[in-house]
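Protein chains: 2
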Amino acid sequence: MTDALTYREAGVDLEAARRAKARIAELVECTRTGAVASRFGSFGGRFRAADGRDLVASVDGVGTKLKVAFLAGRHDTVGIDLVNHCVNDILAEGARPLVFMDYVACGTLDPDIVTAVVAGLARACRDNGCALIGGETAEMPDFYGVGEYDLAGFVVGEIAYPAVGERRVEEGDVLLGLASSGLHTNGYSFVRRLLFDRLGLEVTDRFPDTDRTVAEVLLTPHRSYLAPLESSLSAGRVRALAHITGGGIPGNLDRVLPADLDAVVRTAAWTPPVEFRVLGRESGAPGDELFRVFNMGIGMIAVVPPGEVERVASEVSAAGCETFVLGELVPGSGGVRLE
Amino acid sequence: MTDALTYREAGVDLEAARRAKARIAELVECTRTGAVASRFGSFGGRFRAADGRDLVASVDGVGTKLKVAFLAGRHDTVGIDLVNHCVNDILAEGARPLVFMDYVACGTLDPDIVTAVVAGLARACRDNGCALIGGETAEMPDFYGVGEYDLAGFVVGEIAYPAVGERRVEEGDVLLGLASSGLHTNGYSFVRRLLFDRLGLEVTDRFPDTDRTVAEVLLTPHRSYLAPLESSLSAGRVRALAHITGGGIPGNLDRVLPADLDAVVRTAAWTPPVEFRVLGRESGAPGDELFRVFNMGIGMIAVVPPGEVERVASEVSAAGCETFVLGELVPGSGGVRLE
């Protein structure tokens, strides 16, 4: 299919990213101190305060989802995306958020825009029981267009669910998928190229096959899994968590696998929501590519012992988040098999 | 003087920044939890882990100094700027750095550039005894030009010098200025407008009145004051520290003053290094403006009891950093008086 859109054509080179990552890993290793308790490539960096208590920090951005916010002139949702993304990352390390800080960089400071961005951050911080303790608003003429900005965030949390951080997963453990609330914060370069450049849609147009606008579908905030998982995590029913972000299920679930187990994920176990079906159909991209670029409807995967699956599923559902039994762990070599 | 260059003309509106800051302070206040131990507007956000140990976090960017790095094609110094800036910020709260995380956003990932940036970060982290525990490298097509990027960093430290964080300064305390290593990371929009646009200089040209190039002068890394101050801080000889960044001496020294004292700073107490004299002469900007935009040769101010001044000055000098007695604290209303 020669006109299928791929992520590389959309301007994102995941291979170059991987090469740089390997070189960066060496540089990072040289700075290791006694305070460090995590390996390069974790969902969050774990470190130890002088008293032995483990903390986890993580940094993230919103990526080109911001461009959709600019087009729609809507700036109070991207902060929610950022906070929830960071909270999910450290949750996958077994931590609950303590504090959050933001970095907003713009060309010329527009007080209304910055205030809307911070309002989103503050709302999500409150919802996650996390304090927004500071931030940097940088005015950088010549870096950003009028009304445009970049946004990054940093979270620090404390280990609250140590078992999740230890990832003692076993053969036969079940992969329980938690529904995403939409695209979350990944695949937006692909989506923008497809919807705006190729299909010529505008943010106010109807998103194909839905009764929502393009802006509504694309700006739906990244969901936080802290509240839905809280009961199950407190009860120790979950052995590991994989936050499904850039790289999709295959690029994130592998991070919680030991060298002797594979994860089998049956893609027939759930129906990707309409936006993913539309993106697949209109782009012509092969399924493999779609599963690497998008979360496909699964935002978090919990690895759960078989005897606890029913209980976890019901606790998560009770908190308003749908779940799907995706597959299980089988003998293998640390890989993810989509079947 | 009608052709004098001001910061606002250079595209930076400090007044709009202040207005947004007030609105943001209210939003931030709503997220306060029991973990927060600092007020809005501190050099760093202080928070408490469950065991009662105080930590301090801070976030910063490099600002438009990055544009000079792009013009010079030199990417291994801006990471040093960023780490040292963050380390100085939490030092002013009495904290030593534990861990650092970075956010690098670029249009298309160039592995050589990203690796050079991280090499600078890693070198400065090592020098400050701080671990680089993670980072986000975001590829955002359409946000950044070829070879360009934005860079932000986040540090978490532990309170090591609690007296500095408490700021129990008294009438008669002496203001001891520590020499900056150059422009550090402030005033670059002003500088670029003046040197490149108005004077038509290039980064390879000689910086006026010096035997260094424009790139060499402008890319000199922001110095860390952790090592020079370590002995004096450990011995409890310093009552407060003000890191002189955006806003200059008047915009930062006021942050450590109680409501009933003024800081008197005698500008004749030191000679600003040649680059500041050149920037003043060529811009025609009034002295007040220069002192708000630039550090003018003073990167950190230590508030020291009179009986300790000689000792602190000799300890800091022994570590290779020049000092100047700038003035003292007098009865007043929390203001900074440049005389």
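Note that the protein sequences, when read in sequence, are chains R and V. 1453 is the number that the working numbering gives the last residue of the first sequence; the numbers go up by one with no jumps. 1453 is the number that the working numbering gives the last residue of the second sequence; the numbers go up by one with no jumps. Built from N, CA and C at the ideal position, the CB exists for glycine as well.
Residue closest to residue i, alpha-carbon to alpha-carbon, out of the options
i       : options                               : result
L1185/V : T1145/V, C1144/V and V1317/V          : V1317/V
R1312/R : A1341/R, Y1275/R and G1398/R          : G1398/R
S1348/V : I1247/V, V1170/V and P1276/V          : P1276/V
V1218/R : A1209/R, A1245/R, N1300/R and D1174/R : D1174/R
L1315/R : Y1302/R, D1325/R and A1329/R          : A1329/R
E1424/R : A1274/R, C1244/R and D1287/R          : D1287/R
A1293/V : W1384/V, E1262/V and L1355/V          : W1384/V
T1299/R : A1134/R, F1310/R, R1307/R and T1334/R : T1334/R
L1205/V : L1309/V, V1305/V and E1344/V          : E1344/V
R1391/R : G1411/R, P1372/R and D1374/R          : G1411/R
V1150/R : P1342/V, R1237/V, M1215/V and G1193/V : M1215/V
A1427/R : R1351/R, R1137/R and F1257/R          : R1351/R
N1202/R : M1414/R, P1322/R and F1321/R          : M1414/R
V1531/V : G1365/V, P1387/V, G1394/V and E1285/V : Nothing can be reported for residue 1531/V: it is not among the residues displayed for chain V, which extend from 1115 to 1453.
L1452/V : D1376/V, A1416/V and I1194/V          : D1376/V
A1432/R : L1355/R, L1367/R, V1407/R and A1341/R : A1341/R
P1211/V : A1183/V, T1251/V and S1338/V          : S1338/V
E1389/V : E1442/V, G1248/V, E1429/V and D1323/V : D1323/V
N1198/V : H1357/V, C1220/V and Y1302/V          : H1357/V
V1417/V : F1438/V, L1246/V, R1406/V and R1160/V : F1438/V
R1307/V : V1444/V, E1253/V and L1393/V          : L1393/V
R1353/V : G1362/V, L1309/V, E1285/V and R1380/V : E1285/V
P1445/R : L1371/R, A1131/R and R1406/R          : L1371/R
V1407/V : G1362/V, L1440/V and S1346/V          : G1362/V
G1421/V : S1346/V, A1373/V and D1368/V          : S1346/V
Residue i: CB within 8 Å of a non-hydrogen atom of the ligand FMN
i       : result
P1387/V : Looking at this structure, you won't find the ligand FMN or any other ligand, since it has none at all.
Bounding residues of the beta strand (DSSP E) (the contiguous stretch that carries residue i)
i       : result
V1439/R : T1437 to P1445
R1380/V : Unbroken run through R1380/V: none, as it is neither H nor E.
Where the alpha helix (DSSP H) through residue i begins and ends
i       : result
A1432/R : V1423 to A1432
H1199/V : V1192 to L1205
S1172/R : Per DSSP, S1172/R belongs to no alpha helix (DSSP H); it is in the beta strand (DSSP E), D1168 to G1175.
F1184/V : K1179 to A1186
A1238/R : P1225 to D1241
G1362/R : G1362 to L1367
G1398/V : Unbroken run through G1398/V: none, as it is neither H nor E.
R1306/R : Y1302 to R1306
Per DSSP, cross-strand counterpart(s) of residue i
i       : result
Y1458/R : With chain R represented from 1115 up to 1453, any question about residue 1458/R goes unanswered, as that position is not in the structure.
P1211/R : G1271/R
T1327/R : R1320/R
V1417/R : L1289/R and A1354/R
E1250/R : Y1217/R
F1161/R : V1150/R and L1169/R
Y1339/R : Paired residue(s): none; Y1339/R is not in a bridge.
V1450/V : A1377/V
Y1465/V : Because chain V here runs from 1115 to 1453, residue 1465/V falls outside it and cannot be looked at.
I1412/V : A1293/V
A1130/R : Paired residue(s): none; A1130/R is not in a bridge.
A1349/R : The partner list for A1349/R (beta bridge, DSSP) is empty, contrary to what the question assumes.
A1245/R : V1213/R
Could you run through the region 1236 to 1251 of chain V and flag, in chain order, every residue whose CB is less than 8 Å away from some CB of chain R? A1236, C1239, R1240, G1243, C1244, A1245, L1246, I1247, G1248, G1249, E1250 and T1251
Contacting positions in the region 1159 to 1178 of chain R - beta carbon closer than 8 Å to chain V: G1159, R1160, F1161, A1163, A1164, D1165, R1167, L1169, A1171, S1172, V1173, D1174, G1175, G1177 and T1178
Using a beta-carbon distance cut-off of less than 7 Å, what residues from the region 1298 to 1314 of chain R approach chain V? S1303
Under 8 Å, with one C-beta from each stretch per pair, do the region 1261 to 1278 of chain V and the region 1394 to 1408 of chain V reach the 3-pair mark? no
Flag this pair as touching only if the region 1189 to 1201 of chain V and the region 1224 to 1231 of chain V have three or more C-beta atom pairs under 8 Å; answer yes or no. yes
Could you run through the region 1265 to 1276 of chain R and flag, in chain order, every residue whose CB is less than 7 Å away from some CB of chain V? A1266, F1268, V1270 and E1272
Decide yes or no for the touch test of the region 1230 to 1240 of chain V against the region 1139 to 1150 of chain R: beta carbon pairs closer than 8 Å, at least 3 of them. yes
For the region 1207 to 1221 of chain V, which residues have a CB atom closer than 9 Å to at least one CB atom of chain R, in sequence order? L1212, V1213, F1214, M1215, D1216, Y1217, A1219 and G1221
Where the region 1132 to 1150 of chain R meets chain V: residues whose CB sits under 7 Å from a CB there: R1133, A1134, R1137, I1138, L1141, V1142, C1144, T1145, R1146, T1147, A1149 and V1150
Residues in the region 1326 to 1344 of chain V with C-beta within 9 Å of chain R's C-beta atoms, listed in sequence order? none
The region 1419 to 1444 of chain V: which residues have C-beta closer than 9 Å to a C-beta of chain R, in chain order? none
Looking at chain R, which residues of the region 1383 to 1395 of chain V have a Cβ within less than 7 Å of any of its Cβ atoms? none
Residues of the region 1400 to 1418 of chain R in Cβ contact with chain V at a cutoff of 9 Å, in chain order, please. none
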